[in-house]
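Notes to accompany the following structure.
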Amino acid sequence: MADLSTFNKKDEHEEENLRGTFFLVFFIGGFILLTWLAVLYIYLSRLQT
Amino acid sequence: MAETAVYDRKANIDSSSFRFQPEDKRLILAHLSFAFGALLIGTIAGLLQTLQRAGWITLPPQIGYYQLLTAHGVLLALVFTTFFIVGYFYSGLARTLGGELNPRARVLGWIGFYMMSVGVIIATALILVNEATVLYTFYAPMEASPWFYVGAALLVVGSWFSAFAVFSSYLRWRREHKGESSPLFAFMAVATMILWLHATLGVAVEVVFQLIPWSFGWVDRINVSLSRTLFWYFGHALVYFWLLPAYVYWYVNIPKIVGGKIFSNSLPRLTFLLFILFSIPVGFHHQLNEPGITSFWKFLQVILTMMVVVPSLLTAFSILATFELAGRAKGAKGLFGWIKKLPWKDARFFSPVMAMLIFVPAGAGGIILASYQLNQTVHNTWFVTGHFHMTLASTVVLTFFGIAIWLIPSLTGRKLTRNMNRLGIVQAILWGVGMIFLSGTMHIVGLMGAPRRSAYATYGNHEVAMAWLPYYDIIAIGAVFLFVGSLIELYIFLHLMFVAPKTNEPVQYPIGDMAETAKEPPRILERWSVWIGLSLTLSIIAYTIPFISLFEHAPPGSLPIRTW
Amino acid sequence: MPRYEKIWMIFGFASLILFLAILGIMAAFMGLNPPDSLRTTVAPEKVETAPPFDQPGVYQIGPKEYRVVMLSYVFGYNPGTITIPQGSTVHFEATSRDVIHGVYVPGTNINLMLIPGHITEFTQTFNKPGEYLYLCHEYCGVGHHLMQGRIIVEPSTT
Numbered sequence: 001m002a003d004l005s006t007f008n009k010k011d012e013h014e015e016e017n018l019r020g021t022f023f024l025v026f027f028i029g030g031f032i033l034l035t036w037l038a039v040l041y042i043y044l045s046r047l048q049t
Numbered sequence: 050m051a052e053t054a055v056y057d058r059k060a061n062i063d064s065s066s067f068r069f070q071p072e073d074k075r076l077i078l079a080h081l082s083f084a085f086g087a088l089l090i091g092t093i094a095g096l097l098q099t100l101q102r103a104g105w106i107t108l109p110p111q112i113g114y115y116q117l118l119t120a121h122g123v124l125l126a127l128v129f130t131t132f133f134i135v136g137y138f139y140s141g142l143a144r145t146l147g148g149e150l151n152p153r154a155r156v157l158g159w160i161g162f163y164m165m166s167v168g169v170i171i172a173t174a175l176i177l178v179n180e181a182t183v184l185y186t187f188y189a190p191m192e193a194s195p196w197f198y199v200g201a202a203l204l205v206v207g208s209w210f211s212a213f214a215v216f217s218s219y220l221r222w223r224r225e226h227k228g229e230s231s232p233l234f235a236f237m238a239v240a241t242m243i244l245w246l247h248a249t250l251g252v253a254v255e256v257v258f259q260l261i262p263w264s265f266g267w268v269d270r271i272n273v274s275l276s277r278t279l280f281w282y283f284g285h286a287l288v289y290f291w292l293l294p295a296y297v298y299w300y301v302n303i304p305k306i307v308g309g310k311i312f313s314n315s316l317p318r319l320t321f322l323l324f325i326l327f328s329i330p331v332g333f334h335h336q337l338n339e340p341g342i343t344s345f346w347k348f349l350q351v352i353l354t355m356m357v358v359v360p361s362l363l364t365a366f367s368i369l370a371t372f373e374l375a376g377r378a379k380g381a382k383g384l385f386g387w388i389k390k391l392p393w394k395d396a397r398f399f400s401p402v403m404a405m406l407i408f409v410p411a412g413a414g415g416i417i418l419a420s421y422q423l424n425q426t427v428h429n430t431w432f433v434t435g436h437f438h439m440t441l442a443s444t445v446v447l448t449f450f451g452i453a454i455w456l457i458p459s460l461t462g463r464k465l466t467r468n469m470n471r472l473g474i475v476q477a478i479l480w481g482v483g484m485i486f487l488s489g490t491m492h493i494v495g496l497m498g499a500p501r502r503s504a505y506a507t508y509g510n511h512e513v514a515m516a517w518l519p520y521y522d523i524i525a526i527g528a529v530f531l532f533v534g535s536l537i538e539l540y541i542f543l544h545l546m547f548v549a550p551k552t553n554e555p556v557q558y559p560i561g562d563m564a565e566t567a568k569e570p571p572r573i574l575e576r577w578s579v580w581i582g583l584s585l586t587l588s589i590i591a592y593t594i595p596f597i598s599l600f601e602h603a604p605p606g607s608l609p610i611r612t613w
Numbered sequence: 614m615p616r617y618e619k620i621w622m623i624f625g626f627a628s629l630i631l632f633l634a635i636l637g638i639m640a641a642f643m644g645l646n647p648p649d650s651l652r653t654t655v656a657p658e659k660v661e662t663a664p665p666f667d668q669p670g671v672y673q674i675g676p677k678e679y680r681v682v683m684l685s686y687v688f689g690y691n692p693g694t695i696t697i698p699q700g701s702t703v704h705f706e707a708t709s710r711d712v713i714h715g716v717y718v719p720g721t722n723i724n725l726m727l728i729p730g731h732i733t734e735f736t737q738t739f740n741k742p743g744e745y746l747y748l749c750h751e752y753c754g755v756g757h758h759l760m761q762g763r764i765i766v767e768p769s770t771t
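Same order as they appear, the protein sequences are chains A, B and C.
Residue 30 in our numbering sits at position 30 of the first sequence; the count goes up by one each step and never skips.
Residue 259 in our numbering sits at position 210 of the second sequence; the count goes up by one each step and never skips.
Residue 750 in our numbering sits at position 137 of the third sequence; the count goes up by one each step and never skips.
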């Protein structure tokens, strides 16, 4: 039982330490998604030349 | 006291006493010097091109736009890169595999250097006398002087000797450390060179078996589509040959510079192995809009291209995590407090981080380019040029500049002075700003339809083409910033080579320490035969039937043509 | 692998799958594919001696349907100017008689690579009237940046 609780604490601690990274990679991911969808939109709008 | 070297920080308990052996110094400096020579000529060409295309200058009759473009591409994308990468790899192998390269590696290294440099000199001379105005992709049936292709072959085959030199030092270490997992730098250098050897098979076959016989007149006609396909078998993996050494610096050297640890010994290795698998069977995304290849195979290779994004996603997390953990270990609090704790005033860190920032839009643009139908929106426009100026010319090149600023003085026994460090930061800022003007604008005007690889033209004053002109002005301004940036970089190089004060305490060669929690990597990650086998298998799956089709549905072939 | 990294990788991989799904659906169900064809020609320097490139031009094949047989060369196109009524669907068949060229109409998805010995096929409907510039975007020699043509879409008179 003691093992489980220390295990969870370590996990949380580890996550705490990577919150900034988590935020930033999702910012990167969001940028990729947005720009991709923007060019998809341009492509679709040009289908009707 | 005179200037203090940047490495005089308490954080570095590492052996800052590492010194290169004289033979290794000579070999590495030969490569780096040749690289910087290529940088000088290549960036002059780039500046002149941009100013011509913006209509700011007219070129003298002795040199044409497309000659400059060929020189720019060859010297920067093929020569500066290859020579720098090989030099950097030799330095890291010497540092991490026992302090020096082994004699056989040195012999192979010099053979490689001479073959490559002779090849480059021949090719460059021919470009300058207008005998090879075919751009660095040299597509048939435009025919350059046969000696240009000989030069290209020498460059490629020479680089194989460089790869063998890398393997030689690695194998020597493996024999002396049986059963042990190799140092991360060496592992990554070997992985990169395996990728390179596999990739260059394509262009080697094209040059040696198609272009050389055809241009010497031993064979009348050439299968154009086959030659393009062979080139792009090589051409996409080429960009990973550029990118992976930058990743090596990010994964292995930078953790030391920020005072952090490498927190996994397995994930970086897996990342590089994934690149070996997925960088090659993807060449069709450079050929999406051409005939001779069916939609099915184009789409299959698009799927494989999306897979090659995965190791970069892993890298993004790993590198940022290393920064955050290092910053938090220094006491940072809050979501982003760790950012302030990073060594922003250290050019060895600043340049590559500028590189990483630019990699975000760079990578996004790459995914767009590979996206099958979306490619029709951007193929052969300046969007493509913007893309590789962000990826190669910023992410990779700025990282290389960040390496050079400590590697050169480490080799020459001089100090990395505070002034050079400051200048390095100024250089990176200039480069970043210049690149935003240049590449950012290229992406926009490319979406508006401006073609790549084209000299100044207004297309009969058509309104669509006239709308591009103001953007060309911004791009030209960016090019001026970049050119100044490259002059500064060359000054830094020369200063650290010949002028900075000598020192008895060599500049530290930073190698990151593995975190205590990092587990031993699984053996399979170093069973190269598995990964080479998988890489070949994927390429066979992705390319066999299309290649057969290119032979079966082949037109009679093209005679040589000279159009310049 | 830290949990945050697992979440990130799942999101990243899912995005890539999403992209592929969209592209795949457009290809399989909307017929949207890049220019293609396995058709070949006779030797490029003789391409004007055999059909279809012995008679390049604009051919009406239906009430609002046209076939454009286009030959490219250093440094121009035949036909250079293509005139069609608004609302026409045009089937391009194009090749080169010398080096690799391109046909690119800025502001549209018409982005073709012309490889000597091969025929490139692509279909586009022109719903908006106007004078469209098209140009060569694949380096082909000293005159590359002068290589261009026009597609004139005439407004419908109804």
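Here a beta-carbon is modelled for each residue, glycine too, at the ideal position from N, C-alpha and C.
Model, not experiment: these values are computed from the prediction.
Residue 271 of chain B vs residue 189 of chain B beta-carbon contact at 8 Å: yes
Contact set for residue 532 of chain B: own chain, Cβ-Cβ below 7 Å, skip 5 residues either direction: 92 and 96
Rounded C-alpha distance that separates residue 206 of chain B from residue 134 of chain B: 16 Å
Alpha-carbon to alpha-carbon, residue 214 of chain B and residue 502 of chain B: 36 Å
Test: residue 41 of chain A CB closer than 8 Å to a CB of chain C: no
Near the ligand ADP: residue 240 of chain B beta-carbon under 7 Å from a heavy atom: The ligand ADP is not part of the structure shown, which contains no ligands of any sort.
Beta-carbon proximity of residue 762 of chain C to residue 687 of chain C, cut-off 8 Å: no
Where the beta strand (DSSP E) through residue 684 of chain C begins and ends: 678-686
Run of the beta strand (DSSP E) containing residue 743 of chain C, from where it starts to where it stops: 743-748
Separation of residue 251 of chain B from residue 268 of chain B, as counted between CA atoms: 20 Å
8 Å Cβ cutoff, residue 53 of chain B in contact with chain C: Residue confidence is low: residue 53 of chain B scores 34 on pLDDT, short of 50, so the model does not pin down where it sits. Its coordinate-derived value is still stated next. Residue 53 of chain B does not count as touching chain C.
Chain-ordered residues of the region 694-727 of chain C with a beta carbon less than 8 Å from chain A: 718, 720, 721, 722 and 723
Short-range partners of chain B found in the region 635-652 of chain C, where Cβ spacing is below 8 Å: 636, 637, 639, 640, 645, 646, 647, 648, 649, 650, 651 and 652
Contact set between residue 339 of chain B and chain C, taken where Cβ atoms lie within less than 9 Å: 647, 648, 649, 713, 725, 726, 727, 728, 731 and 733
Anticipated Cβ contact below 8 Å, residue 728 of chain C with residue 273 of chain B, distance rounded: 6 Å
Under 8 Å by beta carbon: chain C residues contacting residue 377 of chain B: Within chain C, no residue comes near residue 377 of chain B; the closest Cβ sits about 14 Å away, beyond 8 Å.
Separation of residue 166 of chain B from residue 478 of chain B, as counted between CA atoms: 32 Å
Cβ-based burial, residue 226 of chain B [other Cβ within 10 Å; buried from 16]: exposed
Helix, strand or coil at residue 522 of chain B according to DSSP, with G and I counted as helix: helix
Stretch pair the region 393-408 of chain B + the region 628-645 of chain C: three plus CB contacts closer than 8 Å: no
Residue 612 of chain B vs residue 754 of chain C beta-carbon contact at 8 Å: yes
Three-state class that DSSP yields for residue 94 of chain B in the structure shown: helix
Within 8 Å, strictly: CB atoms of residue 521 of chain B and residue 493 of chain B: no
The region 698-707 of chain C in contact with the region 731-748 of chain C per 3-pair CB rule at 8 Å: yes
Simplified DSSP assignment, three categories, for residue 724 of chain C: strand
Residues of the region 296-312 of chain B with Cβ closer than 7 Å to any Cβ of chain A, in chain order: none
Near-chain B residues of the region 17-44 of chain A (beta-carbon distance less than 7 Å), N- to C-terminal order: 17, 18, 19, 20, 21, 23, 24, 25, 28, 31, 32, 35, 36, 39, 40, 42 and 43
Best match in C:615, C:715, C:669 and C:697 for proximity to residue 682 of chain C [C-alpha to C-alpha]: C:669
Selected residue, minimal CA-CA separation from residue 616 of chain C, among B:370, B:308, B:249 and B:153: B:370
Contacting positions in the region 352-383 of chain B - beta carbon closer than 7 Å to chain A: 365, 366, 369, 370, 373, 374 and 377
Residue 147 of chain B versus B:76, B:609 and B:67, residue with shortest Cα-Cα distance: B:67
Start and end residues, beta strand (DSSP E) containing residue 761 of chain C: 761-767
Beta-carbon neighbours of residue 328 of chain B, restricted to chain C and to distances below 9 Å: Chain C residues near residue 328 of chain B: none, gap ~16 Å exceeds 9 Å.
Span separating the alpha-carbon of residue 46 of chain A from that of residue 86 of chain B: 45 Å
Cβ-based neighbour list, residue 490 of chain B, same chain, cut-off 6 Å, excluding 5 preceding and 5 following: 520, 523 and 524
Beta-bridge partners of residue 463 of chain B, as assigned by DSSP: B:551
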